[in-house]
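Trainee: Sharing a structure below in structure tokens format, with a few things to ask.
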Amino acid sequence: MIPTKRDWLRLLCQCTAETARRIGGAARAAHRGAEPAFPRRERRGLQRFGNDELRGSFTFLGPSKLFSRLHPLPPTVTPRDLTDWACELVNQSVGRFRNRLLAYGVKLALSVPQSALARVCVWPPVCSPLAVRHCLAIDGMVLEGWLVT
25 MIPTKRDWLR
35 LLCQCTAETA
45 RRIGGAARAA
55 HRGAEPAFPR
65 RERRGLQRFG
75 NDELRGSFTF
85 LGPSKLFSRL
95 HPLPPTVTPR
105 DLTDWACELV
115 NQSVGRFRNR
125 LLAYGVKLAL
135 SVPQSALARV
145 CVWPPVCSPL
155 AVRHCLAIDG
165 MVLEGWLVT
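Spelled out as structure tokens, the structure:
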């Protein structure tokens, strides 16, 4: 069976949930159509990956409060720390994804992770046929994951 974008996204979200659990967040898949607990999604973490046959990117969108909750030193966190932390979370999740694929002989190259801070981050357009969305509920907040291939 050839994996679909949904299959890749499901695996990426499993890796993200494992990352969140490892650092103390209670992560689970949010019901289909779940909207973020905070309508403003202020932070974004993005990482591209690829090989000769597969190219894509994985993007997190979530409120600053969620990234602060998952940060290892929450009382002393600064806005710059949260931006760096968004990069680290997406890097750990995509790294786990790459390691899972290596078990099947699929090698991926990873880009340097990127992050953004804005009043509202929206990516990608929900009408994009190239993007699939999955949400994780973490401690009463929602982290959106977008896979674009």
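Taking our numbering, the leading residue of the sequence shown gets 25, the next gets one more, and so forth. The C-beta atom is built at its ideal place from N, Cα and C for all residues, glycine as well.
For the pair the region 70-78 and the region 91-99, tell me if three or more CB-CB distances fall below 8 Å.
Mentor: Result no; under three Cβ-Cβ pairs closer than 8 Å.
Trainee: Taking DSSP as the reference, what is the three-state secondary structure of residue 110?
Mentor: Within the sequence shown, the letter at position 86 stands for residue 110. If DSSP states are grouped into helix, strand and coil, residue 110 belongs with the helices.
Trainee: Give me the DSSP bridge partner(s) of residue 132.
Mentor: To locate residue 132, count along the sequence shown from 1; it is residue 108. Looking at the DSSP assignment, residue 132 forms no beta bridge with any residue, so it has no partner.
Trainee: Around the Cβ of residue 117, are there at least 16 other Cβ atoms within 10 angstroms (buried) or fewer (exposed)?
Mentor: Locating residue 117 in the sequence shown gives position 93, counting from the first residue. With 16 or more other Cβ atoms within 10 Å, it is buried.
Trainee: For residue 62, collect the residues of the same chain with a Cβ closer than 6 Å to its Cβ; drop the 5 residues on either side in sequence, then sort them by chain order.
Mentor: Residue 62 sits at position 38 when you count from the first residue of the sequence shown. At residue 62 the pLDDT is 42, less than 50, meaning the model places this residue with poor confidence; the figure from the coordinates comes in the next sentence. Here the set comprises 87.
Trainee: Is the beta carbon of residue 37 sitting closer than 8 Å to the one on residue 50?
Mentor: Residue mapping note: residue 37 aligns to position 13 of the sequence shown, counting from 1. Residue mapping note: residue 50 aligns to position 26 of the sequence shown, counting from 1. No, they are not a contact pair.
Trainee: For the alpha helix (DSSP H) that contains residue 43, what are its first and last residues?
Mentor: The residue you call residue 43 lines up with position 19 of the sequence shown. 29-46 is the extent of the alpha helix (DSSP H) around residue 43.
Trainee: Under the DSSP definition of a beta bridge, which residues are partnered with residue 160?
Mentor: Taking the first residue of the sequence shown as position 1, residue 160 is located at position 136. In the DSSP output, where bridge partners are listed per residue, residue 160 has 53 and 167.
Trainee: Whole-angstrom Cβ separation of residue 124 and residue 39, contact assumed at under 8 Å?
Mentor: As a first step, residue 124 is located in the sequence shown; it is residue number 100 there, counting from the start. As a first step, residue 39 is located in the sequence shown; it is residue number 15 there, counting from the start. Going by Cβ atoms, the distance from residue 124 to residue 39 rounds to 7 Å, so yes, they are a contact pair.
Trainee: Using the Cβ count rule (16 or more neighbours within 10 Å means buried), how would you classify residue 130?
Mentor: Residue mapping note: residue 130 aligns to position 106 of the sequence shown, counting from 1. Result: exposed.
Trainee: Since residue 71 sits in a beta bridge, which residues does DSSP pair it with?
Mentor: Counted from its first residue, the sequence shown places residue 71 at position 47. Bridge partners of residue 71: 82.
Trainee: Give me the Cα-Cα distance between residue 105 and residue 173, rounded to the nearest whole angstrom.
Mentor: Stepping through the sequence shown from its first residue, residue 105 is reached at position 81. Stepping through the sequence shown from its first residue, residue 173 is reached at position 149. Approximately 29 Å between the Cα atoms of the pair.
Trainee: So, is residue 164 buried or exposed, given that buried needs 16 or more other C-beta atoms within 10 angstroms?
Mentor: What you label residue 164 is simply residue 140 of the sequence shown in a count that begins at 1. By the 10 Å Cβ count, residue 164 comes out exposed.
Trainee: To which residues of the same chain is residue 120 closer than 6 Å at the C-beta, ignoring the five residues directly before and after it?
Mentor: The count along the sequence shown starts at 1 and reaches residue 120 at position 96. Excluding sequence neighbours, residue 120 sits near 39.
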